[in-house]
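Chemist: Before I ask anything, here is the structure I am working with.
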Amino acid sequence: MNKFIKVTLAYLFFAPILFGKINFDEDVLPLLQDYCIDCHGPEKQKSGFRVDRRVHLLKGGDSGMSAMIPGHPEKSYMIEVIKSDDPEISMPPKGGRLFEDEIEILEKWINEGAHWPDQMDEKIQEGTDHWAFLPATRPIVPNVKTNPVDAFLTKRLKEAKISPNKEATPLELIRRASIVLTGLPPEPKQVKVFLADYSKDPETAFNQLVDTLLDSPHFGERWAQHWLDVIRWAETNGSESNLYRKLAWTYRDYVIRAFNQDIPYDQFIREQIAGDGLGVGEALGFLVAGPHVPAATVGQEPSAKRQARADRMDEIMQTVGASMMGVTMSCARCHNHKFDPVSIQDYYSMTAVFEDIEFGSRFPEFSNDHPRKQQAEEIWKKIASERNKIRNVSDVWEEDWGGYREFHWKPEKATALRLNFWSGYVGLDELQVYGLPSDNKNLALATNGSRVHTDPVFAQQGDRFPISRIIDGKFGTQRWQASYNKPKKQNPWLELTFEEPVTVGRLRLSSNREYYFETDYLEQKNKFNFNEFLINIKTVDGKWKQVMSVHDFRKFAKEKKQIEDSIAEINHLTYRLSEEGPRPSFVGSFIKPKLTYVLHRGSPENPRDLVMPGAPKILQGDLGMENDLSGRARRARFAEWVADQKNPLTARVMANRIWQHVFGAGIVATGSDFGRAGAMPTHPELLDWLALEFSNPSRTEGTPWSMKELIRLLVTSDAFKRSSHPNPDSMNKDASSSLLWRFPPRRVEAEVIRDGILVASGKLNRKMGGRSYRIHNIKKTYAQWKVVDNFGPETWRRMIYQERMRRVDDMIFTAFDFPDCGQVRDKRPVSTTPLQALNLMNSAFVVDQSKHLANRAKNEVEKGDLSAAVIRCFELLFGRIPDNEELASAIAVAKKRGLEIVCRALINSNEFAFIP
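The following block contains the structure:
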């Protein structure tokens, strides 16, 4: 049959269809069955596409794009691929193509609304009936006169025919409560007081103990670590260079304060997503807590930059989704979520919320009553005082601000400023000029109309180093370079011209400021690639005037002790500012939000549909935002949505986390995945009751979203106070103790072991907050960090203040499943390895602390009484005295090997490393 006859017959067959209304069963279904069903049916779905039901065509495949959009064949992906000549996407991929008339049938069917009999009411709602996405309902509390928590647990125990254990001993209770709430074991004096109170009134004594521990500043240190685990917070970026994030610890300190002050959880959410508008700018460190590849190490290739940016945005999605929502958002980055009703459009709508956030440093926004702002004001007063002392002696001086040097002279009006460098090589990243002492406007910025130029031989060193970059407001590494010109016998110089006459009195110069603002602990061979130079200004009468010779000032300053002393004090105060006041901190920087598109298969090189900022639609996430909304406003509205009591996930997820850290396992075992791939709750009614009691307490004295009140409720329950001893009959029915017939014993975390050793030895430095203590070396940019000191006195603070370094083994406690902070850790794994025992027996830290512990024990008993010293070691480590057999064995070892060996053996025991 020739082509003409084939086409003619096709026309005669399809003509009634094309000019009439499409009949799905007769016209469309046969085409789907003939061309599509084999690869996209109920048994096989290539690329996630299915054509056997209307709902699947609406939903689309792995790409997240709808296969058809009723009424719009021109926007329907199915039509695009069957018409395409591109072999990469053309459908069907093999065999005969659809005739033009067949394609027109499908186009007309879609244009008419894609009618599919008996399926028109179906919507893309697979998984919407999953328990976690439904509103929580407040169940009736079973009729038990005790803690409501026990009422739910008792009901389940009765159903399982399991008898609960009796109450633990008072010694077990104080050790359990102290470790769970503060991460520190009780000291012998605390134990003695509690045991005395408990003997008189057990319930009152325990409740008072709980209140004391909740009020302890160490509570925040303990519970902040749980949160930091979930969001993967660390002080290095985790990339090849693994650079240190300068002042990232300000976010850690914020979290500790938040838990200690019992900031309501809904407020805690708002501050971490939009704290820049609430006077707690350091809280945004939450968004940039995860690992990232710094832009400076990505290279100049535009596609590489776009991919790196997309990867950084995905880190934010992981952090927000896992910690606050209990949703694995990243699973929808390249296609619709495989298990949950989260589409690829949902993913990119949510990334649009955070389009103004970049991994980097900025001056955090602080309210007037913020402690760091108040401390900074006091420091600035002292700096001003020292500057006034200098002005009494000299009109010019120089200050070292770490990442840059600042040069002062008597303010004067000028139209231009010129620098003549004495050195043969200059490398600058930024030039800043200011006017009066109180004026903080950078007059040198190109955006303010300023222009910079130099001799053509210095203007540009290759494409990467044009002089214009030193006034663009961006910091880098030697972004303009110039060297001595032999033919002209000329050193580098530059001239800055202002748009109009301005008052100038200060100059800031730097060579690699981003290293000093963004990172630290790197070998800096050339901190400043400029040395001495002349500063000249062009006055309003058109004449050049020298205002400062750096060489002459330095020579003069050496002869004036008053100037030297004041400058030394200023340099000390600038360091204090970085410790105590608002300084550039790695808590995220801001950029102008760009339009956000769905990225086909997650590739930035394949943008598709434009999306608006929002949240997952299954959770009523259409927040009514447009792309012209500012980044701060987007984040604020999103934060309100997360923190809303009506959000079915927020309260459930956090109540479950709190339960997990009290009892060792969550009601939902997968604390950061409440979706269909996660675990089902062991006590669903109890979880709903806890979530609602947390967000909207039924008690008149209850505080909405109070984390401390919820923790107190759990810790004062009978379930928490039960003995952890195994019962054979109960173990047969519930070996995991998930029904809480006993308190589940568990090994403590690495931090608790280390901090507990320091408590026992009496060497724990309880200083709170501030710069983390360092255990590693100073390294080159792409070298690896190495541990150089993990046991000296500078490291005797709580372990939460140890610098959290990705991909760095601390050589002792990493063996105890200390997280690397690369993956979300809602619950740490628990392993048992020979290395753990070796580290607790032979590491320099344990050997050193065992000696201190032995000396403390000897000093606290009568001199020469070895038996009393051994007993004291037991009290310091376990809170109890040894039995006769333990005492005899320990004395024998102490006589033969020394008391410190006994201490090392006790530190290696399960009793020391477990919550009883």
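Residue numbers (our numbering): 2 to 917. For glycine and all other residues, C-beta sits at the position ideal for the given N, C-alpha and C. All values reported here derive from a predicted model rather than from experimental measurement.
(1) DSSP on G506, reduced to helix/strand/coil?
(2) Give the straight-line distance between the Cα atoms of N480 and G474, rounded to the nearest whole angstrom.
(3) If the criterion is Cβ atoms closer than 8 angstroms, does the pair K414 and V503 meet it?
(4) List the whole-angstrom C-beta distance separating D347 from G622, where the pair is believed to meet the contact cut-off of C-beta under 8 angstroms.
(5) Is F422 closer than 8 angstroms to F534 when the C-beta atoms are compared?
(6) Would you report the Cα separation of I125 and V52, rounded to the nearest angstrom?
(7) Count the other C-beta atoms from every protein chain shown that fall within 10 angstroms of the C-beta of D202, then say buried if there are 16 or more, exposed otherwise.
(8) By the three-class DSSP mapping on this structure, what secondary structure does N572 have?
(9) Within the continuous beta strand (DSSP E) that includes S696, where are the two ends?
(10) So for K780, helix, strand or coil by DSSP?
(11) Could you tell me if N537 is buried or exposed, where buried requires 16 or more neighbouring beta carbons within 10 angstroms of its beta carbon?
(12) In this structure, does DSSP put P303 in helix, strand or coil?
(13) What does the alpha-carbon distance come out to for the pair L59 and M66?
(14) Can you name, in chain order, every residue of its own chain whose Cβ lies under 7 angstroms from the Cβ of Q262, other than the five neighbours on each side?
(15) Is the separation between the beta-carbon of E283 and that of R799 shorter than 8 angstroms?
(16) With a Cβ-Cβ cutoff of 8 angstroms, do P303 and G239 count as a contact?
(17) Quick one: using the 10 Å Cβ neighbour count with 16 as the cut-off for buried, is A838 buried or exposed?
(18) Please go through the same chain and pick out, in chain order, the residues whose beta-carbon is closer than 8 angstroms to the beta-carbon of G899, but skip the five residues on each side of it.
(19) Within a Cβ cutoff of 8 angstroms, which residues of the same chain sit near I892, ignoring the five residues on either side of it in sequence?
(20) Suppose you measure from the CA of D122 to the CA of G589; what does that come to, to the nearest Å?
(21) Can you tell me the Cα-Cα spacing of L711 and R54, whole angstroms?
(22) Should S762 and Q661 be called a contact, given that it needs their Cβ atoms to be closer than 8 angstroms?
(23) Take F913 and list the residues in its own chain whose beta-carbon comes closer than 8 angstroms to its own, dropping the five residues that flank it on each side.
(24) Looking at the secondary structure, which residues open and close the beta strand (DSSP E) in which I38 lies?
(25) Here's the rule: buried if 16 or more other CB atoms are within 10 angstroms of the residue's CB, otherwise exposed. What is W1?
(26) Mind checking whether V760 and E173 have CB atoms under 8 angstroms apart?
(27) With 16 other CB atoms within 10 Å as the buried threshold, where does S910 fall?
(28) Any idea if H601 is buried or exposed, counting beta-carbon neighbours within 10 angstroms, 16 or more meaning buried?
(29) Can you tell me which of the three DSSP states Q407 falls into?
(30) Which value, in whole angstroms, describes the spacing of the CA atoms of W786 and L182?
(31) Measure the alpha-carbon distance for A736 versus P917 and round it to whole angstroms.
(32) In three-state DSSP terms, what is N449?
(33) Would you report the Cα separation of E901 and R157, rounded to the nearest angstrom?
(34) For S739, which residues in the same chain have their Cβ closer than 6 angstroms to its Cβ, ignoring the five residues on either side in sequence?
(35) Where does R805 fall in DSSP's three states?
(36) With respect to the alpha helix (DSSP H) encompassing F1, which residues constitute its N-terminal and C-terminal limits?
Modeler: Result, derived from the coordinates:
(1) Along the sequence shown, read from residue 1 onward, the residue named residue 506 stands at position 505. Assigned with DSSP and collapsed to three states, G506 falls in strand.
(2) As a working mapping, residue 480 is identified with position 479 in the sequence shown. As a working mapping, residue 474 is identified with position 473 in the sequence shown. Note that residue 480 corresponds to Arg in the displayed sequence, not to Asn. Rounded to whole angstroms, R480 to G474 spans 12 angstroms at the Cα level.
(3) Within the sequence shown, the letter at position 413 stands for residue 414. Within the sequence shown, the letter at position 502 stands for residue 503. Yes, the Cβ-Cβ distance between K414 and V503 is below 8 angstroms.
(4) The residue labelled residue 347 in the question sits at position 346 within the sequence shown. The residue labelled residue 622 in the question sits at position 621 within the sequence shown. So it is a contact: roughly 7 angstroms between Cβ atoms.
(5) Stepping through the sequence shown from its first residue, residue 534 is reached at position 533. Stepping through the sequence shown from its first residue, residue 422 is reached at position 421. Their beta carbons are under 8 angstroms apart, which means F534 touches F422 by this criterion.
(6) Position 124 of the sequence shown, counted from the start, is the residue given in the question as residue 125. Position 51 of the sequence shown, counted from the start, is the residue given in the question as residue 52. Model confidence at I125 stands at a pLDDT of 41, short of 50, so the residue's coordinates are unreliable and nothing is read from them.
(7) Here residue 202 corresponds to residue number 201 of the sequence shown, with the count starting at 1. Result: exposed.
(8) Residue mapping note: residue 572 aligns to position 571 of the sequence shown, counting from 1. Helix.
(9) Taking the sequence shown and counting its residues from 1, one reaches residue 696 at position 695. Not the beta strand (DSSP E): S696 falls in the alpha helix (DSSP H), residues P685 to S696.
(10) The residue you call residue 780 lines up with position 779 of the sequence shown. Here K780 sits in strand by DSSP.
(11) Position 536 of the sequence shown holds residue 537. N537 should be labelled buried.
(12) For this step, residue 303 is matched to residue 302 along the sequence shown. In this structure, P303 counts as helix in the three-state DSSP scheme.
(13) For the purposes of this step, residue 59 is taken as residue 58 along the sequence shown, with counting starting at 1. For the purposes of this step, residue 66 is taken as residue 65 along the sequence shown, with counting starting at 1. Spanning the two alpha carbons is a distance of roughly 9 angstroms.
(14) Numbered from 1 along the sequence shown, position 261 holds the residue referred to as residue 262. Cβ within range, chain order: n/a, list empty.
(15) Looking up residue 283 in the sequence shown gives position 282. Looking up residue 799 in the sequence shown gives position 798. No, they are not a contact pair.
(16) For the purposes of this step, residue 303 is identified with residue 302 of the sequence shown, where counting begins at 1. For the purposes of this step, residue 239 is identified with residue 238 of the sequence shown, where counting begins at 1. Contact: no.
(17) By 1-based counting over the sequence shown, the position of residue 838 is 837. Classification of A838: exposed, given that the 10 Å Cβ count is below 16.
(18) If you number the sequence shown from 1, residue 899 lands on position 898. Within the same chain, A855 come within 8 angstroms of G899 by CB-CB distance, once the 5 residues on both sides are set aside.
(19) Looking up residue 892 in the sequence shown gives position 891. Correct list, in chain order: L867, S868 and V871.
(20) What you label residue 122 is simply residue 121 of the sequence shown in a count that begins at 1. What you label residue 589 is simply residue 588 of the sequence shown in a count that begins at 1. For D122, the predicted model reports a pLDDT of 43, less than 50, meaning its position is unreliable; a value from the coordinates is still stated below. Roughly 45 angstroms separates the two Cα atoms.
(21) Numbered from 1 along the sequence shown, position 710 holds the residue referred to as residue 711. Numbered from 1 along the sequence shown, position 53 holds the residue referred to as residue 54. The straight-line gap from Cα to Cα measures roughly 47 angstroms.
(22) Working through the sequence shown from its first residue, we reach residue 762 at position 761. Working through the sequence shown from its first residue, we reach residue 661 at position 660. Contact annotation: S762 and Q661 have beta-carbon atoms that are not nearer than 8 angstroms.
(23) Here the question's residue 913 lines up with position 912 in the sequence shown. Counting only Cβ-Cβ distances below 8 angstroms, and skipping sequence neighbours, we find I754, G757, L878, F879 and L907.
(24) The sequence position of residue 38 within the sequence shown is 37, counting from 1. No beta strand (DSSP E) holds I38; DSSP gives it neither H nor E.
(25) A question about residue 1 goes unanswered here, because the residues of the chain that appear run from 2 up to 917.
(26) What you label residue 760 is simply residue 759 of the sequence shown in a count that begins at 1. What you label residue 173 is simply residue 172 of the sequence shown in a count that begins at 1. No, these two residues do not count as a Cβ contact at 8 angstroms.
(27) Looking up residue 910 in the sequence shown gives position 909. Counting Cβ neighbours within 10 Å, S910 comes out exposed, since fewer than 16 surround it.
(28) Taking the first residue of the sequence shown as position 1, residue 601 is located at position 600. Buried.
(29) For the purposes of this step, residue 407 is taken as residue 406 along the sequence shown, with counting starting at 1. The sequence given here places Glu at residue 407; Gln does not occur at that position. In the structure shown, E407 sits in a strand (DSSP, three-state: E or B).
(30) Working through the sequence shown from its first residue, we reach residue 786 at position 785. Working through the sequence shown from its first residue, we reach residue 182 at position 181. Going by the C-alpha atoms only, they are around 33 angstroms apart.
(31) For the purposes of this step, residue 736 is identified with residue 735 of the sequence shown, where counting begins at 1. For the purposes of this step, residue 917 is identified with residue 916 of the sequence shown, where counting begins at 1. Roughly 17 angstroms between the two C-alpha positions.
(32) Residue numbering aside, residue 449 sits at position 448 when the sequence shown is read from its first letter. Three-state result, N449: helix.
(33) Walking along the sequence shown from the start, residue 901 turns up at place 900. Walking along the sequence shown from the start, residue 157 turns up at place 156. Between E901 and R157, the C-alpha separation is close to 48 angstroms.
(34) Residue numbering aside, residue 739 sits at position 738 when the sequence shown is read from its first letter. Once the five neighbours on either side are set aside, the close Cβ partners of S739 are T683.
(35) In the sequence shown, residue 805 corresponds to position 804, counting from 1. Here R805 sits in coil by DSSP.
(36) Residue 1 is absent from the model: the chain starts at 2 and stops at 917.
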